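Worksheet for the structure shown next.
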Amino acid sequence: MDIWHVRGGNRLFGSCRVQGSKNASLPVLAASVVLPVRSVLKNVPRLKDVDAALQILSHLGCRIDRGEEELIIDSTSFTGAEIPRELMAEMRSSVIFMGALLARCGEAKLSLPGGCQLGKRPIDLHLSALRQMGAEIEEEGSDLFCRAERLRGADIDLRFPSVGATENIMLAACAAEGRTTIHGAAREPEIVSLQAYLASIGADIHGAGTSTITICGAVGRENTVYTVPSDRIVASTLACACAAAGGRIILSGVKADHFSTVLHFLNDAGCDIINFKDIVEISSNGDLRSPGHIVTAPYPGFPTDAQPILMAALLRSHGTTQFTETIFENRYRQVSELRRLGADLTVSGTEAVLRGVETLHGETLTAPDLRGGAAMIVAGLHTRGETRIIDAGHIARGYDSFDDTLCALGAEVWIEHK
Ligand code: EPZ
Numbered sequence: 480m481d482i483w484h485v486r487g488g489n490r491l492f493g494s495c496r497v498q499g500s501k502n503a504s505l506p507v508l509a510a511s512v513v514l515p516v517r518s519v520l521k522n523v524p525r526l527k528d529v530d531a532a533l534q535i536l537s538h539l540g541c542r543i544d545r546g547e548e549e550l551i552i553d554s555t556s557f558t559g560a561e562i563p564r565e566l567m568a569e570m571r572s573s574v575i576f577m578g579a580l581l582a583r584c585g586e587a588k589l590s591l592p593g594g595c596q597l598g599k600r601p602i603d604l605h606l607s608a609l610r611q612m613g614a615e616i617e618e619e620g621s622d623l624f625c626r627a628e629r630l631r632g633a634d635i636d637l638r639f640p641s642v643g644a645t646e647n648i649m650l651a652a653c654a655a656e657g658r659t660t661i662h663g664a665a666r667e668p669e670i671v672s673l674q675a676y677l678a679s680i681g682a683d684i685h686g687a688g689t690s691t692i693t694i695c696g697a698v699g700r701e702n703t704v705y706t707v708p709s710d711r712i713v714a715s716t717l718a719c720a721c722a723a724a725g726g727r728i729i730l731s732g733v734k735a736d737h738f739s740t741v742l743h744f745l746n747d748a749g750c751d752i753i754n755f756k757d758i759v760e761i762s763s764n765g766d767l768r769s770p771g772h773i774v775t776a777p778y779p780g781f782p783t784d785a786q787p788i789l790m791a792a793l794l795r796s797h798g799t800t801q802f803t804e805t806i807f808e809n810r811y812r813q814v815s816e817l818r819r820l821g822a823d824l825t826v827s828g829t830e831a832v833l834r835g836v837e838t839l840h841g842e843t844l845t846a847p848d849l850r851g852g853a854a855m856i857v858a859g860l861h862t863r864g865e866t867r868i869i870d871a872g873h874i875a876r877g878y879d880s881f882d883d884t885l886c887a888l889g890a891e892v893w894i895e896h897k
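The sequence shown begins at 480 in the numbering used here and counts up by one.
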């Protein structure tokens, strides 16, 4: 158990390099078993979810070597197709090992994945797509037994652009005979990253970043070197932290396009944003106004992962901000906790309404999930007194040394490990 302490009131100044992306790293780690290959991966963040994926890879017989700058995964020594329940339960992304294992050995024994409790989070799109590609999947309670003597290319229509389902299909399709086309694919930067990694190990794959992705198998290579892109949600969190606390920070190693919707609302709320090449500078006097109506949507829309965080930054803004959450049914879990700081927030179904208040006062809160926990840190930065956040390890799933990053920018943040 971690207790985060945030003493509000300090403005943030300075520059920081944004960590590699969690949600880009996890599918690449699963993809590293699709073919026997030695992958040298750079910019993989040190996170609990990454450790969980490495444990799965190690359980599957891969050799792993983690250095300061590189993470090397050698999947030529792959031995197994079964992932124990306790490893599957560590995170949501474990589900994409299903496509990876089917591609590698035509078999996968696993169970329903864990991850943040954001609602029902079914995997029907994953299962129906893999079945269309010739996989037989039996569900027994929470266990999944998958087998495919031969995967075949298919035309798959996704009724919703699910990130995980798109990734699972891309991985399985590397071993399928013929062409697989995904219609209605997710367009997130993490999908573009996965395509780049798969192409680097010999996959014939095109279209990521658009709604149609085609995969025509893979030839295989012995080695690859791949650099994970920066984390657009961590970049968004730092931008929101500066907006709320006031100050001027420079984020480097980022692609402004990847979080432009968040920057757009921060700009409308009164922040100055400058971007040049891989640098984004955010300046704020800490006196924000409502940026209007924020509606979450699949990429390139406003990311659901940034919704709790932007909400936290706007708690003291002038005016009324409306949020509409369209991705997850349970993504306002931060609201009841933020109210305890004095925030004026109401929720009804998919809608939340925020009326800015003049001051917030420190309280002890409980992080409900990863981004909810990050939201509480952002809230604490513009709260009078000390905010304590009891966190059962959610924040460490997605943020690498976030206390150090914030302290280097001038915040007063420390973690008590209990
Ligand atoms: C990915 O989750 C991210 N996780 C999430 O990041 C992110 O919130 C989400 O995409 C949306 O952007 C990783 O990349 C590891 P989805 P994923 O499949 O793949 C429904 C974070 O904080 N759906 O696009 O699970 C589902 O219930 C997190 O870093 C089905 O109905 O998201 C949800 O309502 C948490 N059937 C919606 O689609 C399915 O088979 C979006 O889910 C699959 C999904």
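Ideal placement from N, C-alpha and C gives every residue a C-beta, glycine not left out.
Every value quoted in this text rests on a predicted model; they were computed, and no experiment measured them.
*Could you tell me the distance, in whole angstroms, from the CA atom of T555 to the CA atom of N809?*
Those two C-alpha atoms are separated by around 41 Å.
_Beta-carbon gap between A675 and I694 smaller than 9 Å_ = Contact: no.
*Can you give me the start and stop residues for the alpha helix (DSSP H) that C719 sits inside?*
Going by DSSP, C719 is part of the alpha helix (DSSP H) stretching over 711 to 724.
*So is S669 buried or exposed if we call it buried at 16+ other beta carbons inside 10 Å?*
Before going on, a small fix: residue 669 reads as Glu here, not Ser. Buried.
*List the whole-angstrom C-beta distance separating S500 from I552, where the pair is believed to meet the contact cut-off of C-beta under 8 Å.*
The C-beta distance from S500 to I552 rounds to 17 Å, too long to fall under 8 Å, and the pair is not in contact.
_Pop quiz: I761 and I773 are said to be a contact at Cβ under 8 Å. What is the actual Cβ separation, rounded to whole angstroms?_
With a beta-carbon spacing of about 18 Å, I761 and I773 fall beyond the 8 Å limit used to define contacts.
*Within 10 angstroms of the Cβ of K527, are there 16 or more other Cβ atoms? Answer buried if so, exposed if not.*
Around the CB of K527, 16 or more other CB atoms lie within 10 Å, so the residue is classed as buried.
*Between G686 and R818, what straight-line distance do the alpha-carbon atoms span, to the nearest angstrom?*
Going from the Cα of G686 to the Cα of R818 covers about 44 Å.
_Whole-number beta carbon distance between R486 and E891, since they are thought to touch under 8 Å_ = About 4 Å separates the two Cβ atoms, so the contact holds.
_8 Å contact criterion, which W831 and L824 should meet: CB distance rounded_ = Strictly speaking, residue 831 in this sequence is Ala, with Trp absent from that position. Between L824 and A831 the Cβ distance is about 6 Å, and since that is below 8 Å, they are a contact.
*Is V574 helix, strand or coil by DSSP?*
For V574, the secondary structure class from DSSP, reduced to helix, strand or coil, is helix.
*Following the continuous alpha helix (DSSP H) through L565, name the residue where it begins and the one where it ends.*
In the sequence as displayed, the identity of residue 565 is Glu instead of Leu. That run of the alpha helix (DSSP H) goes 564 to 567.
*Answer with buried or exposed for R795, where buried requires no fewer than 16 other C-beta atoms within 10 angstroms of its C-beta.*
When all chains shown are included, R795 counts as buried.
*Between the beta-carbon of P770 and the beta-carbon of R812, is there less than 9 Å?*
It is not a contact, given that the beta carbons lie outside the stated cut-off.
*What three-state label does DSSP hand V507 in the structure shown?*
In the three-state reduction of the DSSP assignment, V507 falls in the helix class, which pools H, G and I.
_Once DSSP output is grouped into helix, strand and coil, what is the label at C750?_
Correct three-state label for C750: coil.
*Please report how far the alpha carbon of D530 lies from the alpha carbon of H840, in whole angstroms.*
Each residue's Cα considered, the two are about 36 Å apart.
_Where the alpha helix (DSSP H) through N647 begins and ends_ = Unbroken alpha helix (DSSP H) run through N647: 642 to 652.
*Drop a sphere of 10 angstroms on the beta-carbon of G632, count the other beta-carbons inside from all chains shown, and report buried for 16 or more, exposed for fewer.*
Buried, because 16 or more other Cβ atoms sit within 10 Å of the Cβ of G632.
*Which same chain residues, not among the five before or five after Y878, have their C-beta less than 7 Å away from its C-beta?*
So the qualifying residues of the chain are V713, A853.
_Please state the DSSP three-state secondary structure of V698._
In this structure, V698 counts as coil in the three-state DSSP scheme.
*Would you be able to state if there are at least three C-beta pairs under 8 Å between the segment 713 to 731 and the segment 536 to 549?*
The segment 536 to 549 and the segment 713 to 731 do not touch, with fewer than 3 CB-CB distances between them shorter than 8 Å.
*Would you list the residues sitting across from E669 in a DSSP beta bridge?*
E669 is not bridged to any residue.
*Which residue's Cα is closest to the Cα of I535: S679, L508, E586, V516?*
For the residues S679, L508, E586, V516, the minimum Cα distance to I535 belongs to L508.
_So, does the segment 654 to 669 touch the segment 617 to 626, judging by three or more C-beta pairs under 8 Å?_
Output reads no: the segment 617 to 626 does not touch the segment 654 to 669.
_R496 - containing beta strand (DSSP E), residue span_ = First-last of the beta strand (DSSP E) with R496: 491 to 496.
_Using CA atoms only, rank isn't needed, just tell me which of H737, G657, M790 is closest to A723._
Ranking H737, G657, M790 by Cα distance to A723 puts M790 first.
*Cβ of G613 within 9 Å of Cβ of A655?*
In this structure, A655 lies closer than 9 Å to G613 by Cβ.
*Skipping 5 residues on each side, what residues in its chain have a beta carbon closer than 6 Å to that of G859?*
For G859, same chain residues with a beta-carbon under 6 Å away, outside a window of 5 residues either side, are V485, G487, T866 in chain order.
*Pull up the CB-CB distance for P524 and S504, whole angstroms please, since I reckon it's below 8 Å.*
So it is a contact: roughly 7 Å between Cβ atoms.
*Where the beta strand (DSSP E) containing L824 begins and where it ends*: Here the beta strand (DSSP E) through L824 covers 823 to 827.
_Using 9 Å as the threshold, is the C-beta distance between V899 and L520 below it?_
Summary: the structure shown does not reach residue 899, with the chain confined to residues 480 through 897, and so no result is reported for it.
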